[in-house]
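Peer 1:
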Amino acid sequence: MSLKTSTSLPDVPLLFSLIIIVTLSLCFVNSYNGEFVFDDSEAIVHNEDVQTTPLIDVFKNDFWGTRLTYKQSHKSYRPFTILSFRLHFWLRGSLIAQDYHIVNIILHIIVSILMLPVFNILLGSRERTIAFYATALFAVHPVHTEAVSGIVGRAELLCALFMWVSIIFYYYSIYARRLVYRWFSMCGCIISIATAMLCKETGITAVGICCIYDIIIVNKLFPYNIISVILLRPSYGQIKNFIWQRRKLLIRIFILCATSLILIISRFSIMGFKAPTFQPVDNPASFMQNVFLRMLNYSYIYCLNVWLLICPVWLCFDWSMGCIPLITSIDNRILFVLLFWLILGTMFVYMFNSYQDEFLRHTIMGLTMLIIPFLPASNIFFNVGFVLAERTLYIPSAGYCLLLIIGLQKLYNRVSMQYLLLAYITLISLFFARSWIRSEQWKTETTLFRSALHVCPLNAKVHYNIAKNAADAGNATFAQYEYEEALKLNPTYAQAMNNLGNLRKDQGKYLEAEALFKRAIELQEDFATAWMNLGIVLSALKKYKESEKSYLTALSHRSKYPDCFYNLGVLYLEQKNYDKALKAWESATRQRNTHRRAWTNMILLLDDLGMREDALKIANQALQFLPHDASVHFNIANILGKAGNFVEAEMHFKNAISKNPRDAMFYTNLGVLYHRWNKLDEAENMYKKALEIKPELNSAKENLRKLYSLRSSIK
């Protein structure tokens with residue numbers, strides 16, 4: 001008696017399915033209390049669009065806060081993602097990393113839940129079991145860690161969310177009973193696609209998914225049928241009859257294609273029809289002159305992307321700069337490229353030579369979900385600024401998960417269900433454990449950067465980021481070692497030279513720093529930061545003319561550069577060119593109205609020049625943008641105290657102390673105010689508090705001695 005083999009996956013009730021999907025999605029919860037790491041700093045912490053700029057600027061700038069028309073812009077246009085970051089800041093009044101992480105985890109849960117009805121739609125609404133098992137795998141896949149645990153991955157999460165919504169709307173635009181509901185659903189689909197595209201550019205690929213779904217699943221037209229019709233050379237009447245029979249399909253596809261064309265043209269018009277410019281270190285394969293070698297290296301990168309989906313053991317925050325060496329001659333890796341194209345080619349041959357097969361329809365939809373969302377990152381239509389980025393696999397991974405489960409379903413005819421189900425549960429468990437561990441590594445920059453050393457020890461950018469992290473923590477010796485290691489691996493790494501130059505500058509080794517900055521500028525002529533840093537060093541070396549020229553060159557490459565204006569003002573101050581200094585600092589505050597040092601220097605300079613009214617005016621302007629800044633209150637108090645306005649001066653001193661109670665000078669100067677006000681007991685108390693905080697503070701000691709002498713003379 002033979003054992004009967006099940007031909008379908010075990011069914012799971014809907015409620016239980018949702019509970020399992022939500023539970024599996026929590027594999028990334030380890031990162032809920034993480035910090036701002038890696039790209040989060042540039043995209044959120046240092047991005048004024050997230051905090052202070054007018055809302056309209058969010059729609060004029062790229063994802064990193066640079067004006068889209070500027071040469072330095074990456075041209076990544078994701079205003080809705082930036083607005084979601086800004087909403088956090090508006091609700092909390094400050095940047096709290098935990099809020100962002102928690103929302104990312106919630107979004108991944110929502111995307112995973114929506115994946116279930118989307119798979120049901122794409123498979124023809126009769127394969128609930130395949131949809132569930134594929135969704136569960138999607139929820140737990142470790143390659144999603146960067147998108148979920150890295151806050152900038154919000155772009156992928158929001159894009160996926162609205163892409164899934166657009167597919168659901170498209171389904172209702174086909175099957176809604178009333179015409180008004182169909183058109184309403186089609187409008188909802190178009191709006192969702194546009195929204196997805198404004199979260200991340202990949203959103204436009206939802207058009208391709210909807211079109212292929214309509215052709216393959218709804219209208220049951222296979223590639224074989226389409227090729228057969230073309231080869232038969234149909235007559236005008238047959239074409240006319242085909243158009244009439246498929247008129248609804250053609251109208252829907254026309255609407256989608258017209259919409260996508262309008263969206264793409266609008267997108268390019270916003271960026272001035274100019275492509276972003278990248279350096280060879282960003283994507284070395286794109287700069288290879290030999291077309292064959294370029295295509296070969298692209299193919300190898302595709303292999304690596306597929307391997308990360310199959311076996312996500314080696315995960316890295318950055319895959320550039322030596323992490324993936326170029327193929328320039330006969331190489332064993334070419335075998336993997338040949339195997340990749342052989343498998344993919346076999347699948348396409350099967351697609352175009354088979355028909356009337358449910359397995360084929362499902363396979364086509366799986367490939368559609370895998371390939372089409374990956375096209376923007378494939379270097380086919382335009383060069384991208386990275387070699388490999390795990391977060392770009394967030395949406396394509398849905399196609400991989402679908403294909404894997406479709407394959408398991410096919411194997412059920414040959415292998416016992418128990419064995420395959422055990423293999424599936426084992427895979428889910430391994431993926432959950434890997435995601436749990438990897439999300440823990442994304443909590444801090446230290447753990448993230450160090451984890452990359454095991455995957456890409458030859459990646460100069462890994463060493464650069466470890467060095468940067470060490471420098472921020474005050475470990476200059478280790479930072480210097482890692483910057484030098486990065487430069488050994490990539491001698492043309494201008495950013496590493498610039499940062500190493502900053503370390504040398506801080507150590508007072510100005511000549512070494514000057515040489516490093518000049519070398520960085522030789523490698524990257526428009527490197528505004530290096531030009532500014534060179535200006536600082538030249539100023540320290542008393543080369544004022546060269547320093548001014550360096551600052552102005554930096555501003556020519558980056559017109560919005562408040563820190564450069566600030567340093568230019570410091571240069572003019574050293575030269576006693578006070579008018580120019582004030583104008584430079586004014587430009588700094590105009591570009592960044594929270595530039596505390598520029599405001600402070602203007603107040604102090606005007607006060608030193610005897611222009612107290614102007615100093616107070618500037619100080620009050622500063623308070624509008626920095627109401628909680630202790631130094632602004634302190635400077636106002638000093639000016640008012642000199643003018644004899646003791647009451648207001650006392651109020652501002654107390655405000656300064658409440659905001660920074662550990663600054664001994666605040667207590668000392670308030671003591672001086674009380675001393676002049678003849679409130680000797682209060683003055684004595686302030687001097688003593690200052691000395692409690694800083695016992696070696698000579699000004700407090702001297703003033704206290706004078707106070708005791710005054711009391712003795714009065715007695």
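Heads up: the sequence shown at position 402 corresponds to 402 in full-length UniProt numbering, and the numbers run straight through without jumps. Ideal Cβ placement from N, Cα and C applies to all residues, glycine included.
Alpha helix (DSSP H) containing Met611: first to last residue?
Peer 2: As a first step, residue 611 is located in the sequence shown; it is residue number 611 there, counting from the start. Element bounds for Met611: n/a, residue is neither H nor E.
Peer 1: Any idea what DSSP makes of Arg414, helix, strand or coil?
Peer 2: To locate residue 414, count along the sequence shown from 1; it is residue 414. Three-state DSSP puts Arg414 in coil, outside helix and strand.
Peer 1: Going by C-alpha to C-alpha distance, which of Leu605, His628, Ala630 sits closest to Ile618?
Peer 2: As a first step, residue 618 must be located in the sequence shown, where it is residue number 618. It is Leu605.
Peer 1: Note down the Cα distance separating Ile330 from Gly34, rounded to an integer number of angstroms.
Peer 2: The residue labelled residue 330 in the question sits at position 330 within the sequence shown. The residue labelled residue 34 in the question sits at position 34 within the sequence shown. One C-alpha to the other measures close to 44 Å.
Peer 1: Give the range of the alpha helix (DSSP H) segment to which Met288 is assigned.
Peer 2: Within the sequence shown, residue 288 is the residue found at index 288, counting from 1. No alpha helix (DSSP H) contains Met288, which DSSP labels as neither H nor E.
Peer 1: Would you kindly work out how many angstroms separate the C-alpha atoms of Phe432 and Val140, rounded to a whole number?
Peer 2: Start at 1 with the first residue of the sequence shown, and residue 432 comes out as number 432. Start at 1 with the first residue of the sequence shown, and residue 140 comes out as number 140. Approximately 6 Å between the Cα atoms of the pair.
Peer 1: On the three-state DSSP scale, how would you describe Asn61?
Peer 2: Here residue 61 refers to the residue found at position 61 of the sequence shown. The answer is strand: DSSP assigns Asn61 an E or B state.
Peer 1: Unbroken alpha helix (DSSP H) runs of length 4 or more, entirely within the segment 653-690: which are they?
Peer 2: DSSP runs (the alpha helix (DSSP H)) wholly in the segment 653-690: 664-677.
Peer 1: Val647: buried (16+ other C-beta within 10 angstroms of its C-beta) or exposed?
Peer 2: On the sequence shown, position 647 is the one that residue 647 refers to. So Val647 counts as exposed.
Peer 1: My output table needs one value for Arg67: the three-state DSSP class, helix, strand or coil.
Peer 2: What you label residue 67 is simply residue 67 of the sequence shown in a count that begins at 1. Correct three-state label for Arg67: strand.
Peer 1: Would you mind working out which of Phe119, Ala656, Lys505, Ile364 sits nearest Leu541, comparing C-alpha positions?
Peer 2: Here residue 541 refers to the residue found at position 541 of the sequence shown. Checked all of Phe119, Ala656, Lys505, Ile364; the closest Cα to Leu541 is Lys505.
Peer 1: Assuming Tyr170 is part of the alpha helix (DSSP H), what are its boundary residues?
Peer 2: What you label residue 170 is simply residue 170 of the sequence shown in a count that begins at 1. Its alpha helix (DSSP H) spans residues 154-175.
Peer 1: Taking the beta carbon of Gln409 as the centre, do at least 16 other beta carbons fall within 10 Å, making it buried, or is it exposed?
Peer 2: Residue mapping note: residue 409 aligns to position 409 of the sequence shown, counting from 1. So Gln409 counts as buried.
Peer 1: In terms of residue numbering, what span does the alpha helix (DSSP H) encompassing His454 cover?
Peer 2: Counting from one through the sequence shown, the residue named residue 454 turns up at place 454. Taken as a continuous stretch (DSSP letters only), the alpha helix (DSSP H) holding His454 covers 445-455.
Peer 1: Quick one: grab the DSSP three-state call for Ser712.
Peer 2: Locating residue 712 in the sequence shown gives position 712, where the first residue counts as 1. In this structure, Ser712 counts as helix in the three-state DSSP scheme.
Peer 1: Going by C-alpha distance, which of Met365, Arg596, Ile437 is nearest Leu402?
Peer 2: To locate residue 402, count along the sequence shown from 1; it is residue 402. When each option's Cα is compared against that of Leu402, the closest is Met365.
Peer 1: Are the beta-carbon atoms belonging to Leu487 and Ala476 less than 8 Å from one another?
Peer 2: Position 487 of the sequence shown, counted from the start, is the residue given in the question as residue 487. Position 476 of the sequence shown, counted from the start, is the residue given in the question as residue 476. No.
Peer 1: Quick check on Gln480: does DSSP put it in helix, strand or coil?
Peer 2: Here residue 480 refers to the residue found at position 480 of the sequence shown. Correct three-state label for Gln480: helix.
Peer 1: What does the Cβ neighbour count give for Lys545, buried or exposed, with the cut at 16 atoms within 10 Å?
Peer 2: Walking along the sequence shown from the start, residue 545 turns up at place 545. Looking at its Cβ environment, which holds fewer than 16 other Cβ atoms inside 10 Å, Lys545 is exposed.
Peer 1: The alpha helix (DSSP H) spanning Met321 covers which residue range?
Peer 2: Residue 321 sits at position 321 when you count from the first residue of the sequence shown. Unbroken run through Met321: none, as it is neither H nor E.
Peer 1: Could you check what DSSP says for Pro376 in three-state terms: helix, strand or coil?
Peer 2: Mapped onto the sequence shown, residue 376 falls at position 376. Looking at Pro376 - three-state DSSP - the assignment turns out to be helix.
Peer 1: Quick one: Cα of Leu616 to Cα of Ile693, how far?
Peer 2: Walking along the sequence shown from the start, residue 616 turns up at place 616. Walking along the sequence shown from the start, residue 693 turns up at place 693. Cα to Cα, Leu616 sits roughly 29 Å from Ile693.
Peer 1: Sorted by chain position, which residues of the same chain lie with C-beta nearer than 7 Å to Ile209's C-beta, five sequence neighbours on each side aside?
Peer 2: Numbered from its first residue, the sequence shown carries residue 209 at position 209. Ile167, Thr368, Met369, Ile372.
Peer 1: Could you tell me whether the Cβ atoms of Phe162 and Gly203 are closer together than 8 Å?
Peer 2: One-based indexing of the sequence shown puts residue 162 at position 162. One-based indexing of the sequence shown puts residue 203 at position 203. Yes, the pair counts as a contact, with Cβ atoms nearer than the cut-off.
Peer 1: For Cys199, tell me which candidate among Ser84, Tyr100, Tyr172 has the shortest Cα-Cα distance.
Peer 2: Counting from 1 along the sequence shown, the entry for residue 199 is found at position 199. Checked all of Ser84, Tyr100, Tyr172; the closest Cα to Cys199 is Ser84.
Peer 1: Using beta carbons (cut-off 8 Å, strictly below), is Asn593 in contact with chain C?
Peer 2: Reference to chain C is not applicable here, since this structure consists of a single protein chain.
Peer 1: With a 10 Å radius around its C-beta and 16 neighbouring C-beta atoms as the bar for buried, classify Tyr687 as buried or exposed.
Peer 2: Working through the sequence shown from its first residue, we reach residue 687 at position 687. It counts as buried.
Peer 1: What is the DSSP secondary structure of Lys706, counted as helix, strand or coil?
Peer 2: In the sequence shown, counting from the first residue as 1, residue 706 sits at position 706. The answer is helix: DSSP assigns Lys706 an H, G or I state.
Peer 1: Measuring alpha carbon to alpha carbon, tell me which of Arg676, Lys689, His675, Asn638 ends up nearest residue 727.
Peer 2: Any answer about residue 727 is impossible in this case: the structure gives the chain only from 1 up to 715.
Peer 1: Tell whether a beta-carbon distance below 8 Å holds between Val207 and Ser260.
Peer 2: Numbered from 1 along the sequence shown, position 207 holds the residue referred to as residue 207. Numbered from 1 along the sequence shown, position 260 holds the residue referred to as residue 260. Their beta carbons are under 8 Å apart, which means Val207 touches Ser260 by this criterion.
Peer 1: Helix or strand or just coil, what does DSSP make of Ile536?
Peer 2: On the sequence shown, residue 536 is found 536 positions in, with the first residue counted as 1. Three-state DSSP puts Ile536 in a helix.
Peer 1: Could you pull out every residue in the same chain whose Cβ sits closer than 7 Å to the Cβ of Ser6, ignoring the five residues on either side in sequence?
Peer 2: Reading the sequence shown from its first residue, position 6 is the one you call residue 6. Per-residue confidence for Ser6 stands at a pLDDT of 43, beneath the threshold of 50, marking its modelled position as unreliable; the derived number appears in the next sentence. Result list for Ser6: Tyr412, Met417, in chain order.
Peer 1: Kindly indicate which three-state DSSP category Tyr561 falls into: helix, strand or coil?
Peer 2: Position 561 of the sequence shown, counting from 1, holds the residue named residue 561. Three-state result, Tyr561: coil.
Peer 1: State the Cα-Cα distance for the pair Ala494 and Glu440, rounded to the nearest angstrom.
Peer 2: Translated into the one-based positions of the sequence shown, residue 494 becomes position 494. Translated into the one-based positions of the sequence shown, residue 440 becomes position 440. Answer to the nearest angstrom: the Cα atoms are 31 Å apart.
Peer 1: Taking all protein chains shown into account, do 16 or more other C-beta atoms lie within 10 angstroms of the C-beta of Leu91, making it buried, or fewer, making it exposed?
Peer 2: The residue labelled residue 91 in the question sits at position 91 within the sequence shown. Classification of Leu91: exposed, given that the 10 Å Cβ count is below 16.
Peer 1: Going straight from the alpha carbon of Asn120 to that of Ser41, what length do you get?
Peer 2: On the sequence shown, position 120 is the one that residue 120 refers to. On the sequence shown, position 41 is the one that residue 41 refers to. Rounded to whole angstroms, Asn120 to Ser41 spans 39 Å at the Cα level.
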